[in-house]
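A.B. asks: Protein chains in written order, with this note's numbering: chain A, 1 to 188; chain B, 189 to 503.
My structure is below; once you've seen it, I'll send some questions.
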């Protein structure tokens, strides 16, 4: 068990049955009362952030969570298959756990997989990926009313809006959180 | 983060202005020992050992009350105080206290003193109280009123710890393992009431429940409350005031009960200050108050961390 003196950024604890990671904390103490640690925590399953005033000496249950770097290998009907880059063990993770961000998860990319009680519960992609454009319409003129962009496809099949000068074979940088084009980084 | 040059210069000006205000009000500025045999007995205030069986003062209140009892009706002390294991945005282990006493004055006079002093401090910092949302009079409320409005349940001060915990849990407060009356109270206070106070303008919170009496006397017409206020302004707890308890028998009972809690929790137990208890017989009806000077400077300068108004943040 931890107590409030163990609280630091990144500490993983259980609260109301869910694992949380400490995001911020500070010492507070009402004039005549006990010391408390005002603790901002992020739910590792839902991403929801909450704040709790934890009284000095309060016991905190450690959360059995672990982050592993894994390489994405391929997908089947309802899972993605990842390989632990240190043990080479393979795990199947349901597509629903990865969610929409799989559109920006090319094969062989390294991701961070969060395990809670031994089960994969979250997959984090790098914030940015660089991908080759595999499909683009050279004759696309764009819609000048909404800015000069056109849709292209990358190898994962995802469609990205890019400036008109981008063509097949260009390597572009994409923010995986927003799915937005950032810049052209070269040609394959 | 230590203070900027501008903050230190403002701090110096505020200190001079505060001293000038007390002098104009007819106060005698006194000095009391920094190393004392009895640094208090409050359950949640831990003193730092200072050698020879002495402790650094956590507050000069005992000696100041003894002085009032010997015939000094208006005294003020501006001194360093030390508290173990207190370090945070609003806390420094060594800080400056302004503590003053008025014999034969009601608690309300101290509230008016605070309003005047804050205006003095803000002007000394070259700012305008109204522009900071600190025009007088400040709001006045009670602990019961704050609970009724923000806690989601009523507080009387007469309920036992089990009843208080039941009401707090029913109102959705996460109490953890809190079982002592004051621990339950402060969990609700921090979760529900302090955020409301931080969002409000400057507010005096009067009529604290009897279990949080400390050195305050019970209200004659409402013995579940004591004569005590705390001043909150700008998200800071600035000052704590008592209508001072002058009953040595009741004061000894409180000291002994606090000592028992400290012992049960494995904390240092300090000697009961017999010289204070015998002086209480001579103490006229008195109102006394402690105000954190560093926090006053924070308020005047709009600082969010105490280190922004201190020349050195570590020894």
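Virtual Cβ for every residue (Gly too), placed ideally from N, Cα, C.
Please report the distance separating the alpha-carbon of residue 77 of chain A from that of residue 25 of chain A.
C.D. replies: Translated into the one-based positions of the first chain, residue 77 of chain A becomes position 77. Translated into the one-based positions of the first chain, residue 25 of chain A becomes position 25. In a straight line, the C-alpha of residue 77 of chain A is about 43 Å away from that of residue 25 of chain A.
A.B. asks: Under 8 Å between beta-carbons, which chain B residues line up against residue 30 of chain A? List them in chain order, please.
C.D. replies: Counted from its first residue, the first chain places residue 30 of chain A at position 30. Within 8 Å Cβ-Cβ: 374, 377, 378, 382 and 425.
A.B. asks: From this set, B:310, B:419, B:291 and B:298, which residue's C-alpha is nearest residue 253 of chain B's C-alpha?
C.D. replies: Along the second chain, one-based indexing puts residue 253 of chain B at 65. Nearest C-alpha to residue 253 of chain B: B:291.
A.B. asks: Please tell me whether residue 55 of chain A and residue 454 of chain B are closer than 8 Å, where the distance is taken between their beta carbons.
C.D. replies: The residue labelled residue 55 of chain A in the question sits at position 55 within the first chain. The residue labelled residue 454 of chain B in the question sits at position 266 within the second chain. No, Cβ-Cβ distance for residue 55 of chain A and residue 454 of chain B is not below 8 Å.
A.B. asks: For my contact list, residue 235 of chain B and residue 272 of chain B are in at a C-beta cut-off of 8 Å; report their separation, rounded to the angstrom.
C.D. replies: Counting from one through the second chain, the residue named residue 235 of chain B turns up at place 47. Counting from one through the second chain, the residue named residue 272 of chain B turns up at place 84. So it is a contact: roughly 6 Å between Cβ atoms.
A.B. asks: Give me the Cβ distance between residue 500 of chain B and residue 284 of chain B, rounded to the nearest whole Å; I'm assuming they're in contact under 8 Å.
C.D. replies: As a working note, residue 500 of chain B is residue 312 in the second chain. As a working note, residue 284 of chain B is residue 96 in the second chain. About 13 Å; that fails the 8 Å criterion.
A.B. asks: Counting pairs of beta carbons, one from the segment 390-398 of chain B and one from the segment 409-427 of chain B, are three or more of them closer than 8 Å?
C.D. replies: Taking 8 Å as the limit for Cβ pairs, the verdict is that the segment 409-427 of chain B does touch the segment 390-398 of chain B.
A.B. asks: Under 7 Å Cβ-Cβ, which residues of chain A neighbour residue 279 of chain B?
C.D. replies: Position 91 of the second chain, counted from the first residue, corresponds to residue 279 of chain B. Near residue 279 of chain B (Cβ distances below 7 Å), the residues of chain A are 27 and 29.
A.B. asks: Would you mind telling me which residues of chain A sit closer than 7 Å to residue 371 of chain B, beta carbon to beta carbon, in chain order?
C.D. replies: In the second chain, residue 371 of chain B corresponds to position 183, counting from 1. Ordered by position in chain A, the residues that pass the 7 Å Cβ test against residue 371 of chain B are 34 and 55.
A.B. asks: For residue 437 of chain B, does the three-state DSSP call read helix, strand or coil?
C.D. replies: The residue you call residue 437 of chain B lines up with position 249 of the second chain. In the structure shown, residue 437 of chain B sits in a helix (DSSP, three-state: H, G or I).
A.B. asks: Does any C-beta atom of chain B lie closer than 8 Å to the C-beta of residue 8 of chain A?
C.D. replies: On the first chain, position 8 is the one that residue 8 of chain A refers to. So no, residue 8 of chain A is outside the interface.
A.B. asks: What residues in its chain sit with their C-beta under 8 Å from that of residue 231 of chain B, if we drop five residues either side in the sequence?
C.D. replies: Your numbering for residue 231 of chain B matches position 43 in the second chain. Counting only Cβ-Cβ distances below 8 Å, and skipping sequence neighbours, we find 370, 446, 449, 450, 453 and 455.
A.B. asks: Can you tell me the Cα-Cα spacing of residue 101 of chain A and residue 20 of chain A, whole angstroms?
C.D. replies: The residue you call residue 101 of chain A lines up with position 101 of the first chain. The residue you call residue 20 of chain A lines up with position 20 of the first chain. Rounded to whole angstroms, residue 101 of chain A to residue 20 of chain A spans 22 Å at the Cα level.
A.B. asks: Can you pull the chain A residues whose beta carbon is under 8 Å from the beta carbon of residue 503 of chain B, in chain order?
C.D. replies: Counting from 1 along the second chain, the entry for residue 503 of chain B is found at position 315. Here the premise fails: no neighbours, minimum Cβ distance about 18 Å.
A.B. asks: May I ask you to list the residues that DSSP assigns as paired with residue 153 of chain A?
C.D. replies: What you label residue 153 of chain A is simply residue 153 of the first chain in a count that begins at 1. DSSP, once it has assigned bridges, lists A:135 and A:159 as partnering residue 153 of chain A.
A.B. asks: To the nearest angstrom, how far is the alpha carbon of residue 312 of chain B from that of residue 306 of chain B?
C.D. replies: As a working note, residue 312 of chain B is residue 124 in the second chain. As a working note, residue 306 of chain B is residue 118 in the second chain. Rounded to whole angstroms, residue 312 of chain B to residue 306 of chain B spans 10 Å at the Cα level.
A.B. asks: Based on Cα-Cα distance, which residue from B:287, B:496 and B:431 lies nearest to residue 471 of chain B?
C.D. replies: The residue given as residue 471 of chain B occupies position 283 in the second chain. When each option's Cα is compared against that of residue 471 of chain B, the closest is B:431.
A.B. asks: For residue 279 of chain B, name the three-state secondary structure that DSSP assigns.
C.D. replies: Counting from one through the second chain, the residue named residue 279 of chain B turns up at place 91. Residue 279 of chain B falls in the strand class under three-state DSSP.
A.B. asks: Which of the three DSSP states is assigned to residue 40 of chain A in this structure?
C.D. replies: On the first chain, position 40 is the one that residue 40 of chain A refers to. In this structure, residue 40 of chain A counts as strand in the three-state DSSP scheme.
A.B. asks: Measure the C-alpha to C-alpha separation of residue 241 of chain B and residue 225 of chain B and round it to an integer number of angstroms.
C.D. replies: To locate residue 241 of chain B, count along the second chain from 1; it is residue 53. To locate residue 225 of chain B, count along the second chain from 1; it is residue 37. Taking the straight line from one Cα to the other gives about 7 Å.
A.B. asks: Pull up the distance between the alpha-carbon of residue 60 of chain A and that of residue 274 of chain B, whole angstroms please.
C.D. replies: Against the first chain, residue 60 of chain A aligns to sequence position 60. Against the second chain, residue 274 of chain B aligns to sequence position 86. When rounded, the distance between both Cα atoms is 21 Å.
A.B. asks: Take residue 249 of chain B and list the residues in its own chain whose beta-carbon comes closer than 6 Å to its own, dropping the five residues that flank it on each side.
C.D. replies: Along the second chain, one-based indexing puts residue 249 of chain B at 61. The answer is none, since no qualifying residue turns up.
A.B. asks: Of all Cβ atoms in chain A, is any one closer than 8 Å to the Cβ of residue 365 of chain B?
C.D. replies: The residue labelled residue 365 of chain B in the question sits at position 177 within the second chain. Yes - at least one Cβ of chain A is within 8 Å of the one on residue 365 of chain B.
A.B. asks: Between residue 444 of chain B and chain A, is any beta-carbon pair separated by less than 8 Å?
C.D. replies: The count along the second chain starts at 1 and reaches residue 444 of chain B at position 256. Closer than 8 Å: no.
A.B. asks: Going by Cα to Cα distance, which pick from B:197, B:202, B:257 and B:210 is closest to residue 436 of chain B?
C.D. replies: By one-based count along the second chain, residue 436 of chain B stands at place 248. Selected option, being the one with the closest Cα: B:257.
A.B. asks: Do residue 72 of chain A and residue 129 of chain A count as a contact pair if the criterion is CB distance below 8 Å?
C.D. replies: Your numbering for residue 129 of chain A matches position 129 in the first chain. Your numbering for residue 72 of chain A matches position 72 in the first chain. Result no, Cβ atoms of residue 129 of chain A and residue 72 of chain A do not sit closer than 8 Å.
A.B. asks: Taking 8 Å as the threshold, find out whether the segment 196-215 of chain B comes into contact with the segment 483-498 of chain B through three or more Cβ pairs.
C.D. replies: Touching, yes, given that three or more Cβ pairs across the two stretches are closer than 8 Å.
A.B. asks: Tell me, please, whether the CB atom of residue 61 of chain A is closer than 8 Å to any CB atom in chain B?
C.D. replies: Stepping through the first chain from its first residue, residue 61 of chain A is reached at position 61. Not closer than 8 Å to any Cβ of chain B, the Cβ of residue 61 of chain A fails to qualify, so no.
A.B. asks: Which runs of the alpha helix (DSSP H), 4 residues or longer, sit entirely within the segment 350-426 of chain B?
C.D. replies: For the segment 350-426 of chain B, whole alpha helix (DSSP H) runs of length 4 or above, ordered along the chain, are 369-376 and 382-387.
A.B. asks: Starting from the C-beta of residue 464 of chain B, find all residues in its chain whose C-beta is less than 7 Å away, skip the five residues before and the five after it, and write them out in chain order.
C.D. replies: To locate residue 464 of chain B, count along the second chain from 1; it is residue 276. Cβ neighbours of residue 464 of chain B beyond the five flanking positions: 250, 253 and 254.
A.B. asks: In the DSSP assignment, the alpha helix (DSSP H) including residue 96 of chain A goes from what residue to what residue?
C.D. replies: The residue you call residue 96 of chain A lines up with position 96 of the first chain. Taken as a continuous stretch (DSSP letters only), the alpha helix (DSSP H) holding residue 96 of chain A covers 95-98.
A.B. asks: Tell me which same chain residues have a C-beta within less than 8 Å of the C-beta of residue 41 of chain A, skipping the five on either side of it?
C.D. replies: Your numbering for residue 41 of chain A matches position 41 in the first chain. Taken in chain order, the residues that qualify are 13, 15, 20, 21, 22, 23, 49, 50, 51 and 52.
A.B. asks: DSSP state of residue 482 of chain B, grouped into three classes?
C.D. replies: Walking along the second chain from the start, residue 482 of chain B turns up at place 294. Of the three classes helix, strand and coil, the one that applies to residue 482 of chain B here is helix, per DSSP.
A.B. asks: Helix, strand or coil for residue 128 of chain A? Go by DSSP, reduced to three states.
C.D. replies: Walking along the first chain from the start, residue 128 of chain A turns up at place 128. If DSSP states are grouped into helix, strand and coil, residue 128 of chain A belongs with the strands.
A.B. asks: So, helix, strand or coil for residue 232 of chain B, using DSSP?
C.D. replies: Within the second chain, residue 232 of chain B is the residue found at index 44, counting from 1. Coil, per DSSP.
A.B. asks: Does residue 58 of chain A have its Cβ less than 8 Å from a Cβ in chain B?
C.D. replies: Position 58 of the first chain, counting from 1, holds the residue named residue 58 of chain A. Closer than 8 Å to some Cβ of chain B, the Cβ of residue 58 of chain A qualifies, so yes.
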